[in-house]
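Contents: one structure, followed by commentary.
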């Protein structure tokens, strides 16, 4: 019995039938044997017949990879509310290249001159402080590999079940993984000095529309950073250059981009983004304004909706798992629509609040298949079924969807969204 | 006494005077207090006065970061032997963005159509095999965060001590860190079947000049991969698209780019790149052809040669450490030219054969300073002094230089290469 099943059975008393531990792995028959002597079997390719070209000061992907790009959608064809979805189906590992990192811009994309930018910390503090970018660059920096996920990621599964066939990129592309580096916000707040009664931090961006969010002070003191670097270079404009708030594990929207102001308060501000856009309607109809944590979640990226299996035989089932609470400690995969589960391999080291790559060898014998994955984190949170998830959220509530995803493989090898 | 000192004393009987454990950390006085009410202190910036622009399908850095780029040098102004040096002084964390990853091209840069590319495995195998790119993409993949370093990195310190003031980028830019992902080569060799007598693997690239290297079979069986992905996307052309050999911890040149052929043999091929370009002349004048491992090494990236401290006060000393043998387990920093050492903080999690970021808070009081760092790995290897390193290598031998680096800070705050 797997760890997740053990826990589930303890909690629910339900029984599952478990397949024996035999591996799915079978020999791969793909590569061809070379029969002629190698001199003729391996003719010199064009690339060996002339010297190559110059190197660039800032490199680019191959021209043969030009179709690897984000999907960009704009509300009403305007630059204001813009989504870019990461192409998870074309990626392996856990890092998202910064050029392909998802983004949601509420009022368009801006590129701010760092010499003109100031961060203010004020409100319930002993002193109000202002920081230039070069001030902050002198501070000690901390960081690590973390995921960032829009709370609306996978919203079509929450809102329009059965409505449309959607690809992995459309359904899951609002998550990415990066190495984020910056200044501990706890340190800056200690420098400002917190006054009694300080309980919330209101973060405001310097975009048009000044996106603002309220965050409980104890979350800030945990592990919030003022992010200045992403994947080894300064933040890209689409990630809030010259600085953003970064809140590991919380819904992406609170990691306010183009950050200009942190107001320490005894109460939240109930901004538009927490009272409307990012509030959740719960199962009982109540509004929840600060459902900040992103739950434990996983998805199979290979094979996934929109792909086509070229033929029968061996495949590596591969996917991503993450939890806003801590580390992923188990992922299981089902190839029979959730009747039986196999333990997937986690490609470590596994980091907290980070994407984890899992895999399971598998042979497709040609029949129709329902592929699923489910993850558990080290707090014992288990990814719910759609039915279990639906109990917590009102019909039509589009945020914080983390239920188990089913990909349906038809007899021709086409992979589709089953739900 | 620090770990490194303890080991050193055990080995050499030498004594070091150790500074007390008091931290260097002092208050930072950089941020200004806000005195006026915030409404006037925080006027609306331009970015808030109009909606932003459109998002791109493949994003770019800020226009204000256009000077963050690789240094490109070409031999005799031609594209053949080309070096690109990573701007380590402008990076934080441990990932190098793929566009800034160092490269050495012996015969120029080529971008190969993956549909025309074939990898052959032949020689002392039960059967010769050929793989298309799409064959390999179906295999299970493994990977992780690893460094790649040219064995000639820091060659000016080995060859021309005292000759020139060189920047960090010129001296240390031939190393980078990425998440590499690909197919285990052990698995492919097991599929081909190794014949008795198989001891070496000769890897050949499909560039003009067909760069080739011989690698002991046991190193291949350890952790070699056919790398297909780097930092979440397919390899860049400058990293050998559509595939390269990747040998964690070994000198960069053996991770053959544009890989087309692996020949299993009972002996090495003694190619030009192992008999001339990448052979080391040892202290006793003997030639060493296969000095493959990159030794334990560290360098302070902030502050570093070519930078200017703006004023007295607090700085974070920050740098990178790595070892081709395994994990870095300690880094120490000296601010007095190696007389006393302080334990630096390692920003974990620390990965094997990977770059590790270290840091130490420090206050510059205005005098001249000699900054140094030294690393130790979990095999007990300690980064040598220049004098210790020189004992092993002949004067003029430019490769595998890993001695302790000294940055000299003058009374005006200018940072220079001290050696």
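Residue numbers (our numbering), protein chains in the order written: chain G, -18 to 400; chain Z, -18 to 400. A virtual CB, placed ideally from N, CA and C, is assigned to each residue, including glycine. Source: prediction; values computed, not measured.
The beta carbon of residue 188 (chain Z) falls within 8 Å of a beta carbon belonging to chain G, placing the residue at that interface. Within the same chain, Cβ atoms closer than 6 Å to the Cβ of residue 109 (chain G) are found at 103, the five residues on either side in sequence being excluded. Taken in chain order, the members of the region 103 to 130 of chain G whose beta-carbon sits within less than 7 Å of a beta-carbon on chain Z are 103, 108, 109, 110, 111, 112, 116, 119, 120, 121, 122, 123, 124. Listed in chain order, the positions of the region 66 to 94 of chain Z with a beta carbon within less than 8 Å of a beta carbon of chain G are 71, 72, 73, 74, 75, 76, 77, 78, 79, 80, 81, 82, 84, 86, 88, 89, 90, 91, 92, 93, 94. It is roughly 29 Å from the alpha-carbon of residue 283 (chain G) to the alpha-carbon of residue 187 (chain Z). Separation of residue 124 (chain Z) and residue 177 (chain G) (C-alpha to C-alpha, rounded to the nearest whole angstrom) is 49 Å. At a cut-off of 8 Å between beta carbons, residue 151 (chain Z) makes no contact with chain G. Taking 9 Å as the cut-off between beta carbons, none of the residues of the region 344 to 371 of chain Z comes near chain G. For residue 389 (chain G), the closest alpha carbon among the candidates G:355, G:339, G:288 is that of G:288. Here residue 96 (chain G) carries a helix assignment [DSSP, helix/strand/coil]. Inter-residue distance for residue 259 (chain Z) and residue 132 (chain Z) is about 8 Å (C-alpha atoms, whole angstroms).
For residue 140 (chain G), the uninterrupted alpha helix (DSSP H) segment begins and ends at 136 to 140. Taking the Cα positions, residue 58 (chain Z) is about 31 Å away from residue 210 (chain Z). Per DSSP, the unbroken beta strand (DSSP E) holding residue 110 (chain Z) starts and ends at 110 to 113. Considering only beta carbons, the part of the region 200 to 217 of chain G lying closer than 9 Å to chain Z consists of 209, 210, 211, 212, 213, 214, 215, 216, 217, in chain order. By the Cβ test, the region 114 to 121 of chain Z is not in contact with the region 181 to 200 of chain Z, since fewer than three Cβ pairs between them sit closer than 8 Å.
For the C-beta of residue 57 (chain G), not a single chain Z residue is nearer than 9 Å; the gap to the nearest is close to 12 Å.
Listed in chain order, the non-local C-beta contacts of residue 53 (chain G) below 6 Å within the same chain comprise 65, local neighbours out to five positions each way being set aside. Each residue's CA atom was taken as its position, placing residue 279 (chain G) and residue 331 (chain Z) some 25 Å apart.
Out of G:36, G:156, G:137, the CA that lies nearest to the CA of residue 276 (chain G) is found in G:156. Residue environment analysis places residue 323 (chain Z) among the buried positions, since at least 16 neighbouring C-beta atoms fall within 10 angstroms of its C-beta.
Residue 146 (chain Z) carries a coil assignment under DSSP once its states are collapsed to helix, strand and coil. Taking residue 294 (chain G) as reference, the option from G:346, G:285, G:256, G:357 with the minimal CA-CA separation is G:346. Going by DSSP, residue 372 (chain G) is part of the alpha helix (DSSP H) stretching over 367 to 373. In this chain, residue 59 (chain G) is not harboured by any alpha helix (DSSP H), its DSSP state being neither H nor E.
Scanning chain Z for C-beta atoms nearer than 9 Å to the C-beta of residue 51 (chain G) yields 36, 37, 38, 39, 40, reported in chain order. Following the DSSP letters along the chain, one finds residue 209 (chain Z) in no alpha helix (DSSP H) but inside the beta strand (DSSP E) bounded by residues 206 to 211.
Beta-bridge analysis with DSSP links residue 360 (chain Z) to no other residue. A Cβ of chain Z is located within less than 8 Å of the beta carbon of residue 46 (chain G). Under DSSP, residue 311 (chain G) shares a beta bridge with G:357. As computed with DSSP, residue 193 (chain G) is found in a beta bridge with G:185. 8 Å or more divides the Cβ of residue 223 (chain Z) from the Cβ of residue 82 (chain Z). For residue 171 (chain Z), no chain G residue has a C-beta closer than 8 Å to its own C-beta; the minimum C-beta separation is roughly 11 Å. Taking the C-beta atoms as reference points, residue 375 (chain Z) is found nearer than 8 Å to residue 266 (chain Z).
When Cβ-Cβ separations below 8 Å define contact, residue 284 (chain G) makes no contact with chain Z. Nearest CB-CB separation between residue 33 (chain G) and chain Z: below the 8 Å threshold.
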